[in-house]
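Taken in sequence, the protein lines are chains A and B.
Take the first sequence: its letters are residues 1 to 149, numbered as in this note's numbering.
Take the second sequence: its letters are residues 1001 to 1149, numbered as in this note's numbering.
In this text, a Cβ means the ideal position worked out from N, Cα and C, and glycines have one as well.
To start, the structure itself, in structure tokens.
Protein chains: 2
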Amino acid sequence: MKLSTKGRYGLRAIVDLAVNQQQGPVSISSIAARQSLSENYLEQLMSRLKKAELVRSVRGAQGGYVLQRDPEKISVGDVLRALEGDITPVACIGIDGMEGGCSSAHTCVTKYVWQRINESVNDTVNHIFLDTLIHESREKQSEKIECPI
Amino acid sequence: MKLSTKGRYGLRAIVDLAVNQQQGPVSISSIAARQSLSENYLEQLMSRLKKAELVRSVRGAQGGYVLQRDPEKISVGDVLRALEGDITPVACIGIDGMEGGCSSAHTCVTKYVWQRINESVNDTVNHIFLDTLIHESREKQSEKIECPI
DNA sequence: AATAATTCCAAGCGGATCAGTAGGATTTAT
DNA sequence: ATAAATCCTACTGATCCGCTTGGAATTATT
Chain A
1 MKLSTKGRYG LRAIVDLAVN QQQGPVSISS IAARQSLSEN YLEQLMSRLK
51 KAELVRSVRG AQGGYVLQRD PEKISVGDVL RALEGDITPV ACIGIDGMEG
101 GCSSAHTCVT KYVWQRINES VNDTVNHIFL DTLIHESREK QSEKIECPI
Chain B
1001 MKLSTKGRYG LRAIVDLAVN QQQGPVSISS IAARQSLSEN YLEQLMSRLK
1051 KAELVRSVRG AQGGYVLQRD PEKISVGDVL RALEGDITPV ACIGIDGMEG
1101 GCSSAHTCVT KYVWQRINES VNDTVNHIFL DTLIHESREK QSEKIECPI
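Okay, structure coming up:
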């Protein structure tokens, strides 16, 4: 029931990107440095975010990535689904139609449970947007700077 | 973000157990047969449920397992935690105190997200109890029997 | 035009975890 | 005494995770 590093690192990365994109495209190397992530691995995560049309890339020197939508229009759910592929708790909920090859889908008692879990997770991640995380990030950053020690 | 087969099979198993315990202890072999599970594997799952004091075992011939509490007092959360060990979405939420060894816990922006996901999953699984699933199972069973074909 | 900075792409790889097997020891109803 | 059951531990094959490697393509800067 754990989120993989794709989701964990990737969300941190896109928040970092959102916070730092004022001065133009944000490079993988700068995100990796600030967030202590492997550049090569992060590259693969950005590729997923791009494929999901959450970010846009600028190639060549001084290139990098920019958000493709306003932060208030990108939900954590969008980001996690782009990174993890499918965040349903069991396979039979995720795939439409074939129900994950489960032969007893219509008599399956526990399916009710998995659906409820799935709904509650979706409700949560679909209603947290990047702008909220950005604001929180800015506050924490200033806390850091104002630290008396 | 997937539940392992421990949680999936185990919940099915304990519901099966609850439905069939009227005539005395329910054996692993009978659960395995009804639910199409490996006996040896199921044995390991029952061992976890026993360690968590959700079921009680009766050894020897005609032995098996019985629920240790009333079905309305066993939540799906109890069962899943017994089987999966820890159903928090990321490690830093689960372990008290040390926060999973994360050095930047107090400045971590995404932690807010993981906490919200964790709360919503817990809210869901802690409020579904076995008696609900038992009733549903009985209904589906009778549907099956009444099937015209 | 050359260089350096960058994204893009595909393949490989060690380690961990999962799902299940195997084999036997112990308990107990019949 | 036997058979039916739980109990316990160790092993194993497969899969996935997290990450690395190596290079090709693009483009701003000099």
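When the options are compared against residue i, the one with the closest alpha-carbon
i                : options                               : result
G7 of chain A    : A:Q21, A:V19, A:R56 and A:L49         : A:L49
L67 of chain A   : A:G60, A:L11 and A:Q21                : A:Q21
Q1141 of chain B : A:D131, A:V125, A:H135 and A:V109     : A:V109
G1013 of chain B : B:E1143, B:V1026, B:V1090 and B:D1070 : Note that residue 1013 of chain B corresponds to Ala in the displayed sequence, not to Gly. When only C-alpha atoms are compared, the closest one is B:V1026.
R1034 of chain B : B:V1019, B:I1074, B:V1090 and B:S1047 : B:V1019
S1036 of chain B : B:Y1009, B:Q1044, B:Q1023 and B:Q1062 : B:Y1009
I128 of chain A  : B:K1111, B:G1024 and B:P1071          : B:K1111
V1113 of chain B : A:L11, A:E84, A:E139 and A:A91        : A:L11
E159 of chain A  : B:T1107, B:M1046, B:Q1115 and B:E1072 : With chain A covering 1 to 149 only, the question about residue 159 of chain A has no answer from this structure.
S4 of chain A    : A:E139, A:Q115 and A:E84              : A:E84
Same chain, Cβ closer than 8 Å to residue i, neighbours up to 5 away in sequence not counted
i                : result
S29 of chain A   : E39
I149 of chain A  : Low confidence applies here, because I149 of chain A scores a pLDDT of 41, under 50, leaving its location unreliable and the question unanswered by this model.
L54 of chain A   : I14, L67, Q68, R69, I74, D78, V79 and A82
G156 of chain A  : Outside the displayed span of chain A (1 to 149) sits residue 156 of chain A, for which this structure offers no information.
L45 of chain A   : K6, Y9, G10, A13 and L83
K51 of chain A   : A82
F1062 of chain B : Strictly speaking, residue 1062 of chain B in this sequence is Gln, with Phe absent from that position. Cβ neighbours of Q1062 of chain B beyond the five flanking positions: G1024 and P1025.
M1001 of chain B : P1089
7 Å Cβ shell around residue i - same chain, five flanking residues per side excluded
i                : result
V1015 of chain B : L1130, L1133, I1134 and S1137
G77 of chain A   : N122, V125 and N126
D1086 of chain B : G1094
T88 of chain A   : G94 and N118
E154 of chain A  : For residue 154 of chain A there is no data in the structure shown, the boundaries of chain A being 1 and 149.
First through last residue of the alpha helix (DSSP H) which encompasses residue i
i                : result
R34 of chain A   : I28 to Q35
C1092 of chain B : A1091 to G1094
S120 of chain A  : K111 to V125
I14 of chain A   : T5 to N20
Nonlocal neighbours in the same chain, by C-beta distance under 6 Å from residue i, ignoring five residues either side
i                : result
P1071 of chain B : A1018, L1130, D1131 and I1134
M1098 of chain B : Any reading at M1098 of chain B needs caution, since the residue's pLDDT is 47, under 50, leaving its predicted position unreliable; the model's value is listed next. Contacts found: none.
* Taking only runs of the alpha helix (DSSP H) that begin and end inside the region 47–84 of chain A, which ones reach a length of at least 4 residues, in chain order? -> 76–84
Whether or not the region 114–123 of chain A and the region 1054–1063 of chain B are in contact is what I'm after, with contact meaning three or more pairs of Cβ atoms, one per stretch, closer than 8 Å; do they touch?
no
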